[in-house]
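S.K.: Numbering (the numbering used here), first residue to last: 3 to 367. Don't be surprised by glycine CBs; every beta carbon is placed ideally from N, CA and C. Here's a structure for you.
See the structure below:
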């Protein structure tokens, strides 16, 4: 199929993109001591120079003791901010557009055996997974400090010159642990039997971020039904439950929903072929980003188990984009593997698209 729809400009508030392709946020762990290096800046700059429409950074953590579970994941506070200024200046110098993804991992166990996570480990109810204790139940004071830390980071992103900001509210990390009834057993105002009740923490973060950046600065939130703790979770089991989840987030300040699926082509609910991003756009009226195994065979979680993959056709993706199901398309592994992927797709150079090897996860090319 012609790829013209991928290369239409996109404009929303102050966000002006030359095309519909987003570099998905992908943890790289190449920032010793949490400070992005010159090589990190060059990694993003290469993709900006090669026509990626919007770059969303790897997750970068806010100022809370246990926000990170890896000492080489970048921070977005303190002495890491001058390094992020170098990153965004490099991206802008190459003609690119970029948003940092602001992150708190919550009660997710340490990725390293040689580095202890600073305590206290924040969590809604002291659970890593349903029924499995880990971390501490956050006090009202800890919740307020976390909300303020997200807002400070967003204000810093705007001050440094980033074009937008994304909140990581997916994949079983802290914000998502509040959404999920399996890890949120609170009986106060941040818990409850329904998604809107458990979504209050996210809504208050969005309200604080919106107040910090003003009305015109684009705010994205990444959401998922699935969790790294349980791939089969479906928090919103009906369109009605999804609408009840998303509308308060939109009202609180979310401009764009980044809808994470393991496979973008899978329908979200029976009776329709709309995927998560399609339903989110229909129910909220907000622009959406689809993501999940775009451009490569297999699915991205298999890469962490050592599985390679090959270039895949984009016909189904283009059909859905042409139909208006979603507005933007996030690409992960293909852009880790090849900074020139967008140009090759645009120019019809399919024979030059590269296979993906998990070895690419160990490099910063």
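#1: Would you call the region 55-63 in contact with the region 108-115, where contact means no fewer than 3 C-beta pairs closer than 8 Å?
#2: Pair every Cβ in the region 254-266 with every Cβ in the region 283-302, then say whether three or more of these pairs are closer than 8 Å.
#3: Rounded to whole angstroms, what's the CA-CA distance from residue 8 to residue 138? Just pull it up for me.
#4: To the nearest angstrom, how far is the alpha carbon of residue 334 from that of residue 121?
#5: Mapping DSSP to helix, strand and coil, what is residue 40?
#6: Could you tell me the alpha carbon to alpha carbon distance between residue 217 and residue 14, rounded to whole angstroms?
#7: Would you mind reading off the limits of the alpha helix (DSSP H) that contains residue 84?
#8: For residue 22, count the other beta carbons within 10 Å of its own beta carbon; 16 or more makes it buried, fewer makes it exposed. Which is it?
#9: Mind the definition here: the region 239-248 touches the region 185-195 only if three or more C-beta pairs lie below 8 Å; say whether that holds.
#10: Between which two residues does the alpha helix (DSSP H) harbouring residue 148 extend?
#11: Please look up how many angstroms separate the CB atoms of residue 237 and residue 197, rounded, as I've assumed it's under 8 Å.
#12: Per DSSP, which one or two residues make a beta bridge with residue 260?
#13: Do you know offhand how far residue 365's Cα is from residue 195's?
#14: Here's the rule I'm using: 16 or more other beta-carbon atoms within 10 Å means buried, otherwise exposed. How should residue 135 be labelled?
#15: Within 10 angstroms of the Cβ of residue 117, are there 16 or more other Cβ atoms? Answer buried if so, exposed if not.
#16: Between which two residues does the alpha helix (DSSP H) harbouring residue 180 extend?
#17: Beta-carbon within less than 6 Å of residue 210's beta-carbon, same chain only, minus the 5 sequence neighbours each way: which residues are those?
#18: DSSP on residue 19, reduced to helix/strand/coil?
#19: Could you check where the beta strand (DSSP E) with residue 330 kicks off and where it finishes?
#20: How far does the alpha helix (DSSP H) with residue 354 in it reach, from first residue to last?
#21: Specify the secondary structure class of residue 58 as computed by DSSP and reduced to three states.
#22: Rounded to a whole number of angstroms, what is the C-alpha to C-alpha distance between residue 32 and residue 367?
#23: Bridge partners of residue 308, per DSSP?
#24: Which first and last residues belong to the beta strand (DSSP E) in which residue 278 is found?
#25: Check each candidate in 342, 79 and 359 and name the one with the smallest Cα separation from residue 299.
#26: Could you check the C-alpha separation between residue 263 and residue 225 for me, to the nearest Å?
#27: Report yes if the CB atom of residue 104 is closer than 7 Å to the CB atom of residue 169, and no otherwise.
#28: Cα-Cα, which of 54, 26 and 191 is closest to residue 10?
#29: In whole angstroms, what separates the C-alpha of residue 37 from that of residue 276?
#30: When DSSP labels each residue in this structure, what does residue 204 get in the three-state scheme?
#31: Starting from residue 105, follow the beta strand (DSSP E) in both directions and report where the run begins and ends.
#32: Which of the three DSSP states, helix, strand or coil, is assigned to residue 138?
#33: Based on DSSP bridge pairs, tell me the residues matched to residue 171.
#34: Between residue 162 and residue 273, what straight-line distance do the alpha-carbon atoms span, to the nearest angstrom?
#35: Under 8 Å by Cβ, that's how I've got residue 348 and residue 42 pegged, so tell me the actual separation to the nearest angstrom.
#36: So what's residue 230 in DSSP terms, helix, strand or just coil?
M.R.: In brief:
#1: Verdict: no, contact absent.
#2: Cβ pair count under 8 Å is three or more, so yes.
#3: Those two C-alpha atoms are separated by around 45 Å.
#4: Looking at the two C-alpha atoms, the distance is approximately 32 Å.
#5: Residue 40: helix per DSSP, three-state reduction.
#6: Rounded to the nearest angstrom, the gap between the Cα atoms of residue 217 and residue 14 is 12 Å.
#7: That run of the alpha helix (DSSP H) goes 83-95.
#8: Burial call: buried.
#9: Put simply, the region 239-248 does not touch the region 185-195. Fewer than three CB pairs are less than 8 Å apart.
#10: Segment 142-162, the alpha helix (DSSP H) holding residue 148.
#11: For residue 237 against residue 197, the beta-carbon gap comes to about 6 Å, under 8 Å, which counts as contact.
#12: Beta-bridge annotation (DSSP): residue 260 is paired with 224 and 291.
#13: CA-to-CA, the gap between residue 365 and residue 195 works out to about 44 Å.
#14: Flag for residue 135 reads exposed.
#15: Under this definition residue 117 is an exposed residue.
#16: Looking at the DSSP string, the run of the alpha helix (DSSP H) that includes residue 180 is 176-181.
#17: Closer than 6 Å at the Cβ level, and outside the excluded window around residue 210, lie 149 and 153.
#18: Of the three classes helix, strand and coil, the one that applies to residue 19 here is strand, per DSSP.
#19: Judged by DSSP secondary structure, residue 330 falls within the beta strand (DSSP E) whose first and last residues are 330-333.
#20: That residue, residue 354, is in no alpha helix (DSSP H); it is neither H nor E in DSSP.
#21: Correct three-state label for residue 58: strand.
#22: One Cα belongs to residue 32, the other to residue 367, and the distance between them is close to 11 Å.
#23: Paired residue(s): none; residue 308 is not in a bridge.
#24: It is not in any beta strand (DSSP E) - residue 278 instead sits in the alpha helix (DSSP H) that spans 278-286.
#25: Nearest of 342, 79 and 359 to residue 299, Cα basis: 359.
#26: Cα to Cα, residue 263 sits roughly 9 Å from residue 225.
#27: Taking 7 Å as the cut-off, the Cβ atoms of residue 104 and residue 169 count as close.
#28: The candidate whose alpha carbon is nearest that of residue 10 is 54.
#29: Each residue's Cα considered, the two are about 40 Å apart.
#30: In the three-state scheme derived from DSSP, where H, G and I count as helix and E and B as strand, residue 204 is classed as helix.
#31: First-last of the beta strand (DSSP E) with residue 105: 100-105.
#32: Looking at residue 138 - three-state DSSP - the assignment turns out to be strand.
#33: As a beta-bridge residue in DSSP terms, residue 171 pairs with 225.
#34: A straight-line Cα-Cα distance of about 46 Å links residue 162 and residue 273.
#35: In this structure residue 348 is not in contact with residue 42, their Cβ atoms being roughly 26 Å apart against a cut-off of 8 Å.
#36: Three-state DSSP puts residue 230 in coil, outside helix and strand.
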